[in-house]
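What follows is a short report on a single structure.
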Amino acid sequence: MAYKKRDYDRCSNGFCFSINISNFFSFIRSNFAIFIKHNSYNKFLIMNWYIVQAYSGFEKKVVDSIKDVLSKNKLESHLNEILVPTHQVTEVKKGKRTKKEKKFFPGYVLIKLELTKEIYHMIKNLQKVSGFLGSGEKPTPISDNEIKRILGQVS
């Protein structure tokens, strides 16, 4: 049987990079989905979900601060999405029903971005931000399945 060249040249650490396929695929490693996005500088960005710990009640202000600091430093291409999970609650006050929007996880902001050391320190040093969820200098990425579960509970 003749040797057949495979679609990929090299596999390392669970990733196989294709040389014949022009589309980008998402690869799964250690139960974390890593999305590959093509940047205008011909770089590949690895996007993951992270949880930022903020002061309770200041989640929306932290979201605005993160967007501002990334746009000022021209790093908005590294940011994909920021969420503050909320849900509708009906409260009864003085015999009247009112609908209120309450935070599902007070003090936490979900953020999907390509995290570099520079971006990590920018976000960590913002006012009203305690840090990232994880141990030490290494924030723990959250799996897409966990984010889908959280968003399913919210909606």
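Its first residue numbered 7, the sequence shown is counted upward by one per residue in the working numbering. The beta-carbon is built from N, C-alpha and C at its ideal position, and this holds for glycine as well.
Take S62, set aside five residues on each side of it, and the residues of its chain with a beta-carbon closer than 6 Å to its own are P112, G113, in chain order. For V95, the secondary structure class from DSSP, reduced to helix, strand or coil, is strand. The C-alpha of E120 lies about 30 Å from the C-alpha of E107. With contacts defined as CB atoms closer than 9 Å, S149 and W55 qualify as a contacting pair. Counted as a single uninterrupted DSSP element, the alpha helix (DSSP H) harbouring V69 occupies residues 65 to 78. K105 is the residue among T122, P147, L89, K105 whose C-alpha sits nearest the C-alpha of T96. Secondary structure of Y61 (DSSP, three-state): coil. Under the 8 Å Cβ criterion, the segment 126 to 146 counts as touching the segment 69 to 89, having at least three qualifying pairs.
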